[in-house]
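Using this note's numbering, you'd call the opening residue of the sequence shown number 78 and step up by one each time.
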Amino acid sequence: MSDAPLFIPVILGTPRQGRQSEYVAKWIVEQIGQWNNIETELIDIRTLSIPINDAGESIKDPQFSATMERSDGLIIVVPEYNHGYPGLLKHDLDTCLKEYIHKAVGLCGVSAGPFGGTRVIQNLLPVMRELGLMTIFYDLNFGSVQDLFDESGKLKDEATYVRRLERFMDELVWMATVLRFGRTSVSVGKKGETTMNFHANKPCPEIAARMGMDAMDTVMQVSCSETGKIETSVEG
Ligand SMILES: Cc1cc2nc3c(=O)[nH]c(=O)nc-3n(C[C@H](O)[C@H](O)[C@H](O)COP(=O)(O)O)c2cc1C
Numbered sequence: 078m079s080d081a082p083l084f085i086p087v088i089l090g091t092p093r094q095g096r097q098s099e100y101v102a103k104w105i106v107e108q109i110g111q112w113n114n115i116e117t118e119l120i121d122i123r124t125l126s127i128p129i130n131d132a133g134e135s136i137k138d139p140q141f142s143a144t145m146e147r148s149d150g151l152i153i154v155v156p157e158y159n160h161g162y163p164g165l166l167k168h169d170l171d172t173c174l175k176e177y178i179h180k181a182v183g184l185c186g187v188s189a190g191p192f193g194g195t196r197v198i199q200n201l202l203p204v205m206r207e208l209g210l211m212t213i214f215y216d217l218n219f220g221s222v223q224d225l226f227d228e229s230g231k232l233k234d235e236a237t238y239v240r241r242l243e244r245f246m247d248e249l250v251w252m253a254t255v256l257r258f259g260r261t262s263v264s265v266g267k268k269g270e271t272t273m274n275f276h277a278n279k280p281c282p283e284i285a286a287r288m289g290m291d292a293m294d295t296v297m298q299v300s301c302s303e304t305g306k307i308e309t310s311v312e313g
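Next comes the structure, spelled out in structure tokens:
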């Protein structure tokens, strides 16, 4: 297995003017950028070239796609907006799919209220699963965020958050390392040939009915070609 540093970019998940999440994301990048075995960079969703008059993989930002492809894991800094996630974050995440599969993700919630974005994290979990990302079971929470940084953007109680970041990164690095090994070295399937990089291999009753097959014996494979076109095939 490659012993190259893990590449774990940090996604700043809101375009809002005056966003506090920017302080959080920049602090994480600055911290983990100093670690020996990790490469990182900030991905600001404000800067992505993704139109908003369409949705899905056909509107990929090539650079974002390439960065997701190269990544071993992700950190998503997500503010809580009405207990949910910013629409633009979801819109941008939806432009990739196979780029994420079997990669680790750690979630960092940011909120004005005291709960540190726990509700937005809960709401993001099913999205992560459907994208093929593996969430770790330790989150970062920046509650009452307006009180945490000074005017220059410096975290006031750095020691507390460094401790939490280290625990979070222990989990994320472990998961990213294991999954890198799995992606490159583990094959399973009936003939030991499956590389497990496909997406959405699911029972599909509608197609089964159309083909006169039993839904339980039928799966629809959905994959994405190089052109970004969604392709489906049915296996009995
Ligand atoms: C549309 C909107 C909805 C919000 N809803 C919540 C909320 O449900 N819970 C909460 O604690 N803070 C809420 N906030 C406050 C944000 O959590 C707060 O602005 C915080 O600083 C993180 O977001 P930011 O990065 O945009 O600043 C909301 C803010 C906006 C703009």
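From the three backbone atoms N, C-alpha and C, an ideal C-beta is built for every residue, glycine too.
Cross-strand partners of residue i (DSSP beta bridge)
i: Ile120; result: Ile88
i: Pro139; result: The partner list for Pro139 (beta bridge, DSSP) is empty, contrary to what the question assumes.
i: Phe226; result: Leu232
i: Asn218; result: Gly186
i: Leu83; result: Ile115
Sequence-distant residues of the same chain with beta carbon closer than 6 Å to residue i, five excluded per side
i: Cys173; result: Ser142 and Met145
i: Ile109; result: Ile115 and Thr117
i: Val101; result: Val154, Val187 and Phe219
i: Pro156; result: Thr91, Ser98 and Val187
i: Val182; result: Leu151, Met205, Leu210 and Thr212
Status (buried if at least 16 other CB within 10 Å, exposed otherwise) for residue i
i: Ile88; result: buried
i: Arg51; result: Residue 51 lies beyond the residue range present for the chain, which begins at 78 and ends at 313; the question has no answer from this structure.
i: Ser351; result: It is not possible to answer for residue 351, since the shown part of the chain is limited to 78 through 313.
i: Lys306; result: The predicted position of Lys306 is uncertain, since its pLDDT is 48 and thus under 50; a value taken from the coordinates is nonetheless stated next. Answer is exposed; the Cβ neighbour count stays below 16.
i: Glu107; result: exposed
i: Ile129; result: exposed
i: Lys233; result: exposed
i: Lys180; result: buried
i: Gly194; result: buried
i: Val222; result: buried
i: Val265; result: exposed
Nearest candidate by alpha-carbon position, reference residue i, set the options
i: Gly189; options: Gly133, Gly95, Ala253 and Arg241; result: The amino acid at residue 189 is misidentified as Gly; the sequence shows Ala. Residue Gly95 is the option with its Cα nearest to Ala189.
i: Leu217; options: Arg240, Met205 and Asp80; result: Arg240
i: Asp224; options: Ile109, Pro191, Leu210 and Leu166; result: Pro191
i: Ser229; options: Lys103, Ala132 and Ile153; result: Lys103
i: Trp112; options: Asp131, Leu83 and His168; result: Leu83
i: Arg206; options: Thr91, Ser264, Pro156 and Leu170; result: Leu170
i: Glu176; options: Ile198, Leu208, His168 and Asn130; result: Leu208
i: Ser135; options: Gly161, His168 and Met252; result: His168
i: Gly133; options: Gln199, Leu166 and Ile120; result: Leu166
i: Leu314; options: Ile105, Thr195, Gln140 and Asp80; result: No statement about residue 314 is possible, as the shown extent of the chain runs from 78 to 313 and does not include it.
Spatial neighbours of residue i in its chain, beta-carbon cut-off 7 Å, leaving aside the 5 residues before and after
i: Tyr215; result: Arg244, Phe245 and Glu248
i: Asp138; result: Leu125, Ser126, Ile127 and Thr172
i: Leu202; result: Thr212
i: Asp227; result: Lys233
is_contact[residue i, chain C] using C-beta, thresh 9 Å
i: Gly190; result: Here chain C cannot be found, since the structure has a single protein chain.
Own chain residues within Cβ distance below 8 Å of residue i, not counting five before or after
i: Met78; result: Arg257, Phe258, Thr261 and Ser262
i: Val197; result: Val155, Pro156, Glu157, Tyr158, His160, Gly161, Tyr162, Gly186 and Ser188
i: Met252; result: Gly150, Ala181, Met211 and Ile213
### Query
In chain order, which alpha helix (DSSP H) runs of at least 4 residues are fully inside the segment 137-216?
Taken in chain order, the complete alpha helix (DSSP H) segments of 4 or more residues contained in the segment 137-216 are 139-147, 164-170 and 195-207.
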